[in-house]
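Residue numbers (the working numbering), protein chains in the order written: chain A, 757 to 1152; chain B, 4 to 319. Note that the Cβ used here is the ideal one computed from N, Cα and C, for glycine as well. Input: a single structure, listed below in structure tokens.
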């Protein structure tokens, strides 16, 4: 059998080892159930129109205005009723007792912490400002004119980019998260598979039949294919969540930047490249681990957080020089470039160069990892030192 | 020219400060069962790993001529390997494990599947084919591991400790299967420490100690070249004075086997007639039998001789 086919057979084995249709269906079903539960819960909350009844003493000092739609319901009370009202609060029969002592001071008595406190504070402040303006005798028209905000009209050039919407920012955040999740899933499975094979001594059986390079190639391809399948399922779940929410009246939309075919193709290629690169690196790291329970090298699984931390800055401004540079660097491009693809216009050549650099680095790391893998997989009882690993890499 | 199937010439392997294999040479002829014997740490597994190119010898050469043409390495489909430490995926079914191993050895998927079914039926594991490997007993796991090593009908199989974990019934069963494989044309290299089983199976043996060859040849040749003792067991009626036993002609040492039963080890070249005459003069013998030294005893004796020799060399 040709070596290329052998790597394919190993990839197929690795993919089938982890990919279970049942798990994928459960993921989508959970997403559907969650979206229904969240929207059901929100609908229930919206239908709860129980008013917050608040007795107010001294409202003549500070005339409060409650807009329609607010849950606050004020009931004016006399000072002589204060004791009785305090008792009603103590029995939780009214939500609270507000005693306005002056324009500058008021006291609120409640039975439990009031979730409506910030709204009440806002209404009190508004009322106080009104009283103060009246005291200063400034005509309300003049005051309104002075406080009017400056008008700034913004026009986007017809050849320019449309402004980034909240939906796009959320979509970019989700793209970064899904990429990170895919990288972590791949890395974790690679780590579990390789350290497990070392511990179960499967290694000798395999390397007596295929070359270590064929083995690592197959593992990288298989686990990366699994990570990509996982990404598809996760993305499908998110789409389903948004569509169900839309149907239930959320008004959420899926930005066109995500569904645009050329962007979609670029996103898939960058995702696949990113998974291949990180899985290549983690295959090498895992092969040097003697015992996954005690090895400090397990903490290297957190390394993909670094590019994601950079990618978060793209949400603020995706067109800075730093973001453009990070879009080219192979270790950061799988996180930064997808975010930029959703948030801004990325020239085709930028995508092409990023993919080319990603491909070259995968090729280089593949050779280095193959060497580390060959020596590391057959090493039992101790971990190779960083110096030894560096020596192996230099031999590539 | 008829090349041996495997020719190993003066291989050496050193791990840090330990010389695991030291100037070892041997060859394996096509169609024979060749056994590498030795205690734990003798270097058997290191030799096997070098034969499979899992490890590389520091010095020396390993040449295969499985299809007549000498090469440095055997092709995956030509060779089968049963590792000492069992290595299959425990969380995966027996059937999937075995077909995968067959595919890695170059079998087409369907052919691998058919061969797995046949072997599982042969080894009474047909009903367990869809069970995960870790649901099987240690002995059954060993059977599965064995199938993985010969599923693709290699021309040369290396079996490292094939009898480990097997009960006596299955040990006999494995002996039959290995003989059958040899009859079908498979050449087999065994590495084992159960010498009683190996001496019933192997055509030739190589006794290894501290990475060096101690004895090599057919069982008969090894016996002939060994300076191990001939053993005579006497059953004696009445009282016997043990203090006098070692003074009998030719006796090196003796041991009491049971009440009235004594095993005498005679020095190499000692006259059996002189010994029996001396024994008969002092003992009332009711039964007598002689035994060849077992491979185990020959091996222990050879190691002992080697140790004495190296001590003499050091003191000289």
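Reduced DSSP secondary structure (H/G/I, E/B, other) of residue i
i: residue 1002(A); result: helix
i: residue 274(B); result: coil
i: residue 196(B); result: coil
i: residue 306(B); result: helix
i: residue 1134(A); result: coil
i: residue 318(B); result: helix
i: residue 215(B); result: strand
i: residue 182(B); result: helix
i: residue 859(A); result: coil
i: residue 776(A); result: coil
i: residue 187(B); result: coil
i: residue 149(B); result: helix
i: residue 30(B); result: strand
i: residue 205(B); result: coil
i: residue 77(B); result: coil
i: residue 287(B); result: strand
i: residue 174(B); result: helix
i: residue 1129(A); result: helix
i: residue 988(A); result: helix
i: residue 759(A); result: Only weak support exists for where residue 759(A) lies, its pLDDT of 49 falling under 50; the coordinates are left without a value.
i: residue 127(B); result: coil
C-alpha gap between residue i and residue j, whole angstroms
i: residue 266(B); j: residue 203(B); result: 23 angstroms
i: residue 303(B); j: residue 40(B); result: 12 angstroms
i: residue 34(B); j: residue 131(B); result: 33 angstroms
i: residue 223(B); j: residue 766(A); result: 47 angstroms
i: residue 156(B); j: residue 126(B); result: 16 angstroms
i: residue 817(A); j: residue 833(A); result: 13 angstroms
i: residue 117(B); j: residue 98(B); result: 10 angstroms
i: residue 890(A); j: residue 850(A); result: 33 angstroms
i: residue 57(B); j: residue 1134(A); result: 8 angstroms
i: residue 861(A); j: residue 821(A); result: 17 angstroms
i: residue 103(B); j: residue 769(A); result: 8 angstroms
i: residue 829(A); j: residue 903(A); result: 30 angstroms
i: residue 940(A); j: residue 1060(A); result: 8 angstroms
i: residue 1146(A); j: residue 63(B); result: 28 angstroms
i: residue 782(A); j: residue 1079(A); result: 37 angstroms
i: residue 1086(A); j: residue 1030(A); result: 8 angstroms
i: residue 42(B); j: residue 149(B); result: 22 angstroms
i: residue 1050(A); j: residue 1037(A); result: 20 angstroms
i: residue 1067(A); j: residue 787(A); result: 26 angstroms
i: residue 1109(A); j: residue 1091(A); result: 15 angstroms
i: residue 22(B); j: residue 214(B); result: 7 angstroms
i: residue 794(A); j: residue 997(A); result: 10 angstroms
i: residue 935(A); j: residue 138(B); result: 37 angstroms
i: residue 268(B); j: residue 228(B); result: 17 angstroms
i: residue 867(A); j: residue 1069(A); result: 45 angstroms
i: residue 886(A); j: residue 1010(A); result: 44 angstroms
Interface residues of chain D facing residue i [CB-CB closer than 7 angstroms]
i: residue 104(B); result: Looking for chain D here will not work: the only protein chains present are A and B.
Identity of the residue in the options nearest residue i by Cα
i: residue 162(B); options: 1085(A), 1089(A), 879(A), 964(A); result: 964(A)
i: residue 310(B); options: 269(B), 212(B), 243(B); result: 212(B)
i: residue 84(B); options: 959(A), 995(A), 1111(A); result: 959(A)
i: residue 1102(A); options: 1048(A), 1045(A), 1020(A), 800(A); result: 1020(A)
i: residue 1123(A); options: 881(A), 1016(A), 968(A), 801(A); result: 968(A)
i: residue 76(B); options: 159(B), 147(B), 16(B); result: 159(B)
i: residue 88(B); options: 260(B), 122(B), 49(B); result: 49(B)
i: residue 194(B); options: 52(B), 14(B), 22(B); result: 52(B)
i: residue 775(A); options: 999(A), 1150(A), 974(A), 983(A); result: 983(A)
i: residue 1095(A); options: 1113(A), 1034(A), 1132(A), 1026(A); result: 1026(A)
i: residue 970(A); options: 1125(A), 999(A), 780(A), 807(A); result: 1125(A)
Whole-angstrom C-beta distance between residue j and residue i, which should lie under 8 angstroms
i: residue 273(B); j: residue 253(B); result: 3 angstroms
i: residue 235(B); j: residue 291(B); result: 7 angstroms
i: residue 65(B); j: residue 11(B); result: 5 angstroms
i: residue 1042(A); j: residue 947(A); result: 5 angstroms
i: residue 96(B); j: residue 135(B); result: 6 angstroms
i: residue 1057(A); j: residue 943(A); result: 5 angstroms
i: residue 1044(A); j: residue 1128(A); result: 6 angstroms
i: residue 1046(A); j: residue 1138(A); result: 6 angstroms
Checklist entry - What are the uninterrupted segments assigned as alpha helix (DSSP H) that are 4 or more residues long and contained completely in the stretch 873-943 of chain A, given in chain order? => result 873-892, 896-903
Item to check | Within the stretch 88-121 of chain B, ranges of the alpha helix (DSSP H) (whole runs, at least 4 residues) | outcome: Taken in chain order, the complete alpha helix (DSSP H) segments of 4 residues or longer contained in the stretch 88-121 of chain B are 97-107.
Checklist entry - Mind pulling the beta strand (DSSP E) runs of 3 or more residues that sit fully within the stretch 220-255 of chain B? => result 233-240
Item to check | Completely contained beta strand (DSSP E) runs for the stretch 30-64 of chain B, where each covers 3 or more residues | outcome: Runs of the beta strand (DSSP E) spanning 3 or more residues and lying entirely within the stretch 30-64 of chain B occur at 36-40, in chain order.
Next on the checklist: What ranges does the alpha helix (DSSP H) occupy inside the stretch 1016-1074 of chain A, keeping only unbroken runs of at least 4 residues that lie completely in it?
Outcome noted: 1017-1043, 1061-1070
Next on the checklist: For a minimum of 3 consecutive residues, which ranges assigned as the beta strand (DSSP E) are wholly contained in the stretch 771-835 of chain A?
Outcome noted: 808-813, 828-833
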